[in-house]
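**Student:** What follows is a structure written as structure tokens; I'll ask about it next.
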Amino acid sequence: MSQEVVLSIDIGGTFTKVGLVNREGKVLDKIVFNTNAQNPFSNFMEKLKLEAEALIFKWNDEIQILSIGVGAPNANSYTGQIENPPNLKWGTITPIKKIIAQTFKLPVSLANDANAAALGEMLFGDAKGMKNFVALTLGTGLGSGIIVDGKLLIGEHGTAGELGHVNVDPAGRMCNCGLQGCLETYASVTGIKRTVFELMAERCEDSLLRKINFEEMTGTDISDAALKGDIIAMTAFERTGKILGSKMADTVAHLDPEAFILSGGLSKAGDILLKPIKTHMQKRLFNVYKGKIEVLISKATSAQAVLGPAALAWLELKHVTHAE
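In structure tokens form, the structure reads like this:
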């Protein structure tokens, strides 16, 4: 008897992950490929169709695909479009929901990638049982998904929760979005790389990172160096944690969440990132919140990034079933 699954598509600025996920959140299989976000969207769709069809074909006799869940940067679940994405060079508007539905002949649920990640944590992950929390995805950029009273906060225009674009410094780093001093230019894999290169220009200490160029450097390179006691890497994490922790304290004042759940490439640094975040968040918290807000690293591996869009699809199916 075939197993009911959803096809889950997680589109990132660097990688796209596609998986087959059952109702319990088990990832039966998945594939990863380069988004190549600097190329036209039509190139991406050709690659997605090829990769997804190969995955489906492999499991064809054992599964029944009910729908598709898609998480993408700057995706608007009201309009079904990706709108003004800073890290995808596909133009101002991409009607992704319609195009994917036409390509695969299946119903599609769409959300901002960080919103999808928050739903994945609530349904299958570290936030099971939580009703108020914020999921932060620290990857190429910084995404956030906000759950209030057990529901995803979408906002009036479908774009609530863009914490990556709150301001850290009006005279700070230029962001791909066109603003200056956005949080994601400091607290993301791209942001910490910029901090590392600033530190290497300012200071003379030896560092394992001096022999890696900007394009090739990864968040893992920086966290590995920090774990080995590399002073440049450790200082970069301290600066990043201070900035992110202080902005998380601002978010607590707005939302009073139970917890923040961090995922994405930068979160893999674990305590090296977590300690300065907690220290500086506590320092900036209004007294009534002190000692009450948890900061957790998601246990989901990068392979489980598909759980977010899968949760979106399963919740939509449940909603449709109940409506009937």
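Following our numbering, the numbering of the sequence shown begins with 206 at its first residue and continues without gaps.
We treat Cβ as the ideally placed atom computed from N, Cα and C, and that holds for glycine.
Note that this is a predicted model, so its numbers are computed, not measured.
1) Out of curiosity, what's the CA-to-CA distance linking A406 and V211?
2) Just to confirm, is the Cβ distance from P462 to V371 under 8 Å?
3) Once you ignore the five residues that flank K263 on each side, which residues in its own chain have a CB closer than 8 Å to its CB?
4) Report the start-end ranges of each beta strand (DSSP E) in the region 258-330 that is 3 residues or longer and not cut off at the edges.
5) How many Å lie between K433 and G274 at the Cα?
6) Where does T240 fall in DSSP's three states?
7) Indicate whether the contact test is met: 3 or more Cβ pairs, each with one atom in the region 372-384 and one in the region 252-261, closer than 8 Å.
8) Please report the straight-line C-alpha distance between K303 and G285, rounded to a whole angstrom.
9) Counting only beta-carbon atoms, is Q307 nearer than 8 Å to chain C?
10) Rounding to the nearest angstrom, what Cα-Cα distance links S428 and P312 in this structure?
11) What's the gap between the Cα of E267 and the Cα of Q208?
12) Measure the alpha-carbon distance for G469 versus D455 and round it to whole angstroms.
13) When you compare the CB positions of S282 and A316, do they come within less than 8 Å of one another, or not?
14) Which residue or residues does DSSP assign as beta-bridge partners of Q208?
15) Counting along the chain, where does the alpha helix (DSSP H) carrying A454 start and finish?
16) Could you check where the alpha helix (DSSP H) with S412 kicks off and where it finishes?
17) Beta carbon of L517, beta carbon of S314: below 8 Å?
18) By the three-class DSSP mapping on this structure, what secondary structure does D215 have?
19) So, helix, strand or coil for M379, using DSSP?
**Tutor:** To lay it out plainly:
1) For A406 and V211, the distance between alpha carbons rounds to 48 Å.
2) No, the pair does not count as a contact, with Cβ atoms beyond the cut-off.
3) D234.
4) Runs of the beta strand (DSSP E) inside the region 258-330: 268-277, 286-288 and 313-317.
5) Rounded to whole angstroms, K433 to G274 spans 40 Å at the Cα level.
6) Of the three classes helix, strand and coil, the one that applies to T240 here is coil, per DSSP.
7) Contact between the region 372-384 and the region 252-261 is absent, because fewer than three Cβ pairs lie under 8 Å.
8) Straight-line measurement puts the Cα of G285 at about 7 Å from the Cα of K303.
9) Absence of chain C from the displayed structure is noted, only one protein chain being present.
10) Roughly 40 Å separates the two Cα atoms.
11) Roughly 6 Å between the two C-alpha positions.
12) If I take the Cα positions, the gap works out to 22 Å.
13) In this structure, S282 sits near A316, with a CB-CB distance shorter than 8 Å.
14) In the DSSP output, where bridge partners are listed per residue, Q208 has I268.
15) Counting along the chain, the alpha helix (DSSP H) containing A454 begins and ends at I436 to L460.
16) Premise fails: S412 is in no alpha helix (DSSP H) and is neither H nor E.
17) In this structure, L517 places its C-beta atom within 8 Å of the C-beta atom of S314.
18) In the three-state reduction of the DSSP assignment, D215 falls in the strand class.
19) In this structure, M379 counts as strand in the three-state DSSP scheme.
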